[in-house]
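S.K.: I'd like to ask you about the structure that follows.
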Amino acid sequence: MLLKKYKSVNSTSTIAKKMDYEPWTVIWAEEQTLGRGQKSNGWFSPKGGLYFSIVLPKSTIEDLQTLTILASFVTAKIIKENFKIEPFIKLPNDIFINQKKVGGILTENIIGQDVKFSIMGIGLDTNIEKFPKELENIATSLKIETGKQVDNEKILKQIVQEIKNQLKIISE
Amino acid sequence: MKLNINIKGKKKIIEINEEEGKVKIKIGKKEFSFKNNNYKKEGISVARTNIPKNKFSKKEIKAPIAGTITKIFVKEQQAFKKNQKIVSLSAMKMENEIVSDFQGTVKSILVKEGQKVKEGEILVILK
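Next up, the structure:
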């Protein structure tokens with residue numbers, strides 16, 4: 098895994114899309130100024146959260162739908178293993194804790210004649226201590242839920258490695 | 225099947241019967257027999273199981289999967305370069321940026337932002 102870390106970017110997926118990176122390159126930023134969710138919705142991305150995008154290996158759209166679900170499953174699994182809490186997966190791409198959103202996955206495909214490449218963006222509210230008023234009833238963070246500081250790099254590496262492992266298992 | 229028809233002012237009864245591999249046509253007392261080329265012994269019509277894949281033709285951009293148009297990046301009559309973003313389609317919670325594979329001009333845009341489209345539907349015609 099080639100990990101590229103930035104202090105602040107508009108969106109890690111935008112950076113990943115612009116460069117011709119090798120599969121499994123990971124773009125990680127401490128904050129995003131234009132974090133994206135689905136259908137042009139924003140993703141609140143202040144310092145403290147974990148925001149990264151994975152350059153995926155070439156695949157078909159059907160595989161990519163599976164990959165999004167796989168990434169949700171893996172993210173929930175890593176949360177459960179590290180923090181002993183039970184996350185809820187709202188299929189195919191959102192993770193909730195106590196009915197509040199804690200993480201989301203946005204897969205973006207660049208398609209010409211076929212799928213040229215795909216980027217999987219993962220946003221996880223780890224060490225965010227306070228959300229703006231409009232989000233406080235619908236969003237939460239691992240720190241708010243567990244009271245513990247999260248090691249973002251450790252969680253990132255575990256998620257990427259587990260996606261790779263699971264992908265290997267389901268492709269066999 | 226029986227048909228009543230007029231031939232040169234005279235009423236005729238035409239009887240058409242299909243039997244195994246043959247079509248028999250009876251006009252009055254005369255009988256004609258033809259081989260039925262479409263006859264299949266088991267009588268099962270063959271369904272098309274292989275739907276052709278929606279490949280992009282050079283002249284049109286089609287929806288690779290069913291979804292909602294989130295953004296149209298070009299205007300009609302606009303020139304575009306190779307690999308330029310044309311439309312963005314949201315489907316199965318994924319964002320799909322459809323880019324041009326060659327340079328050209330946008331002839332017409334057949335969809336609007338927010339519109340739901342089916343797989344294979346033509347979105348933009350190029351020239």
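Note that the protein sequences, when read in sequence, are chains A and B. The opening residue of the first sequence carries number 98 in the numbering used here; numbering runs sequentially from there. The opening residue of the second sequence carries number 225 in the numbering used here; numbering runs sequentially from there. Even glycine gets a Cβ: it sits at the ideal position worked out from N, Cα and C. These numbers were taken from a predicted model, which means no experiment stands behind them.
(1) Let me know the beta strand (DSSP E) ranges lying completely inside the segment 164-202 of chain A, each 3 residues or longer, listed in chain order.
(2) Alpha carbon to alpha carbon, how far is B/Gln-301 from A/Ile-267?
(3) Evaluate the contact criterion for the segment 254-266 of chain A versus the segment 172-183 of chain A: three or more CB pairs, one atom per stretch, below 8 Å.
(4) Quick one: using the 10 Å Cβ neighbour count with 16 as the cut-off for buried, is B/Phe-304 buried or exposed?
(5) State buried or exposed for A/Asn-224, treating a residue as buried only when at least 16 other CB atoms are found within 10 Å of its CB.
(6) What's the call for B/Glu-321, buried or exposed, on a 16-neighbour Cβ count within 10 Å?
(7) Which value, in whole angstroms, describes the spacing of the CA atoms of A/Ile-194 and A/Leu-147?
(8) Could you tell me the distance, in whole angstroms, from the CA atom of A/Thr-243 to the CA atom of A/Ser-142?
(9) Mark A/Ile-235 as exposed unless 16 or more other C-beta atoms lie within 10 angstroms of its C-beta, in which case mark it buried.
(10) Please state the DSSP three-state secondary structure of B/Lys-306.
(11) Given A/Lys-187, which residues of its chain have a CB within under 7 Å of its CB, disregarding the five upstream and five downstream residues?
(12) Could you work out which residues of chain A lie near B/Lys-317, taking near to mean beta carbons separated by less than 7 Å?
(13) Name, going along the chain, the residues of the segment 320-331 of chain B whose beta-carbon falls closer than 8 Å to a beta-carbon of chain A.
(14) Strictly below 8 Å CB to CB, what residues from chain A border B/Ile-289?
M.R.: On the basis of the coordinates in this document:
(1) Listed in chain order, they are 185-187, 191-194.
(2) B/Gln-301 and A/Ile-267 have their C-alpha atoms some 46 Å from each other.
(3) Judged by pairs of C-beta atoms under 8 Å, the segment 254-266 of chain A touches the segment 172-183 of chain A, as three or more such pairs exist.
(4) Per the 10 Å Cβ criterion, buried.
(5) Of the residues assessed, A/Asn-224 falls on the buried side of the cut-off, its CB having 16 or more other CB atoms within 10 angstroms.
(6) Around the Cβ of B/Glu-321, a 10 Å sphere holds 16 or more other Cβ atoms; the residue is buried.
(7) Straight-line Cα distance between these residues: approximately 16 Å.
(8) In a straight line, the C-alpha of A/Thr-243 is about 20 Å away from that of A/Ser-142.
(9) Exposed.
(10) Here B/Lys-306 sits in coil by DSSP.
(11) Spatial neighbours of A/Lys-187 in its own chain (CB-CB distance under 7 Å, excluding positions within 5 residues in sequence) are listed in chain order as Phe-193.
(12) B/Lys-317 reaches chain A at Gln-135, Thr-165, Pro-189, Asn-190, counting residues in chain order whose Cβ is nearer than 7 Å.
(13) Within the segment 320-331 of chain B, the qualifying residues are Asn-320, Glu-321, Ile-322, Val-323, Ser-324, Asp-325.
(14) Within chain A, the residues near B/Ile-289 are Ile-158.
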